[in-house]
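What follows is the structure, encoded as structure tokens:
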């Protein structure tokens with residue numbers, strides 16, 4: 001259907017790609033179902049994706065601008081082509097590594113990927129500086145005989161693509177379930193009363209760990225009615241300084257010139273309703 005030059009569809013289809021946990025919006029006049037493998041038109045070319053939620057009726061309020069179409073349900077030939085492209089991408093990566101080394105370019109290659117129709121190969125790389133890759137593009141085009149796209153990403157996106165194990169022993173959040181990155185600040189670590197050891201607070205990407213943001217709101221809630229660190233309290237008729245607190249264990253560390261005590265919040269503030277219960 002075409003209204004005033006704008007293509008509209010009967011249905012909205014939410015698609016995920018292998019390299020991303022984010023759901024992207026596509027249009028279709030055919031109904032698809034969760035886990036269907038489909039061929040879609042993207043800004044990069046034709047790609048395979050998976051339907052991640054049931055198809056819904058088209059609603060213009062849920063769509064920002066024009067959306068690309070779902071072309072068809074993937075055929076066995078499409079699946080085979082995708083598998084072959086994975087092997088082709090490995091060979092393309094080797095060629096690109098050689099070209100980068102020959103040109104002595106300051107860039108670290110992360111991944112390579114062909115579009116389904118093999119009209120383009122996308123290389124992802126990290127570099128601290130701006131890279132003049134005009135000659136690299138010419139060399140790659142001569143070897144690979146298709147369009148070349150070089151996509152620079154930052155350290156956090158590199159960790160997301162490469163994957164790995166975090167300090168907690170689990171797969172990195174960015175590669176496991178995150179679709180976007182939010183700002184993480186050192187103030188979040190302070191709010192959670194963590195020792196400000198940047199090395200221990202940093203993830204595989206070298207940036208502050210994303211989980212600091214996940215837990216920050218809950219720590220803010222739990223600390224809302226608690227006194228500040230270094231404030232003075234009276235306990236058993238003695239004055240103490242609150243040198244630290246463990247919000248999860250609900251315990252405060254009290255110090256004065258004579259002694260150091262660890263006291264439960266309920267014992268320290270028996271008449272106070274605290275948000276960390």
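Numbering (the UniProt record's numbering), first residue to last: 1 to 277.
Where is the CB? At the ideal position from N, CA and C, for every residue including glycine.
Since the structure is predicted, the reported quantities are computational estimates derived from the model, not experimental observations.
Could you say if the segment 176-188 and the segment 207-217 meet the contact criterion of at least three C-beta pairs nearer than 8 Å?
-> yes
Are residue 215 and residue 192 closer than 8 Å when you measure CB to CB?
-> Indexing the chain shown from 1 puts residue 215 at position 215. Indexing the chain shown from 1 puts residue 192 at position 192. Cβ atoms of residue 215 and residue 192: closer than 8 Å.
Leaving out five residues on either side along the sequence, give the residues of the same chain with a beta carbon under 7 Å from the beta carbon of residue 31.
-> As a first step, residue 31 must be located in the chain shown, where it is residue number 31. Counting only Cβ-Cβ distances below 7 Å, and skipping sequence neighbours, we find 11, 55.
Residue range of the beta strand (DSSP E) that residue 264 falls in?
-> Reading the chain shown from its first residue, position 264 is the one you call residue 264. Start and end: 260-264.
Runs of beta strand (DSSP E) lying entirely within the segment 184-269, each at least 3 residues, in chain order | 232-235, 238-246, 251-255, 260-264
Would residue 256 count as contacting chain D if we go by Cβ distances under 8 Å?
-> Of the chains in the structure shown, none is chain D; there is only one protein chain.
Note down the Cα distance separating residue 236 from residue 202, rounded to an integer number of angstroms.
-> The count along the chain shown starts at 1 and reaches residue 236 at position 236. The count along the chain shown starts at 1 and reaches residue 202 at position 202. Cα to Cα, the separation comes out at about 41 Å.
Quick one: give me the first and last residue of the beta strand (DSSP E) that residue 272 is part of.
-> Working through the chain shown from its first residue, we reach residue 272 at position 272. Neither: residue 272 is in no beta strand (DSSP E) and is coded neither H nor E.
If you follow the beta strand (DSSP E) that residue 118 is part of, which residue opens it and which one closes it?
-> If you number the chain shown from 1, residue 118 lands on position 118. From DSSP, residue 118 is part of no beta strand (DSSP E); its letter is neither H nor E.
So what's residue 147 in DSSP terms, helix, strand or just coil?
-> As a first step, residue 147 must be located in the chain shown, where it is residue number 147. In the structure shown, residue 147 sits in a strand (DSSP, three-state: E or B).
Under 8 Å, do residue 43 and residue 71 count as touching if we go by C-beta distance?
-> Within the chain shown, numbered from 1, the residue matching residue 43 stands at position 43. Within the chain shown, numbered from 1, the residue matching residue 71 stands at position 71. Going by C-beta atoms, residue 43 is not nearer than 8 Å to residue 71.
Give the range of the beta strand (DSSP E) segment to which residue 67 is assigned.
-> The sequence position of residue 67 within the chain shown is 67, counting from 1. Here residue 67 belongs to no beta strand (DSSP E), and DSSP marks it neither H nor E.
Pick out whichever of 28, 137, 125, 23 has its Cα sitting closest to the Cα of residue 68.
-> Numbered from 1 along the chain shown, position 68 holds the residue referred to as residue 68. That would be 28, whose Cα lies nearest to the Cα of residue 68.
Express the C-alpha separation of residue 41 and residue 114 in angstroms, rounding to a whole number.
-> Within the chain shown, the letter at position 114 stands for residue 114. Within the chain shown, the letter at position 41 stands for residue 41. Whole-angstrom Cα-Cα distance: 14 Å.
Indicate the three-state DSSP secondary structure (helix, strand or coil) for residue 19 in the structure shown.
-> Residue numbering aside, residue 19 sits at position 19 when the chain shown is read from its first letter. Coil at residue 19, not helix or strand.
Decide if residue 102 is buried, meaning its Cβ has at least 16 other Cβ atoms within 10 Å, or exposed.
-> Mapped onto the chain shown, residue 102 falls at position 102. The residue is exposed, with fewer than 16 neighbouring Cβ atoms inside 10 Å.
Residues in its own chain within less than 8 Å of residue 163 by CB, not counting five upstream and five downstream?
-> For this step, residue 163 is matched to residue 163 along the chain shown. Around residue 163: 171, 172, 175.
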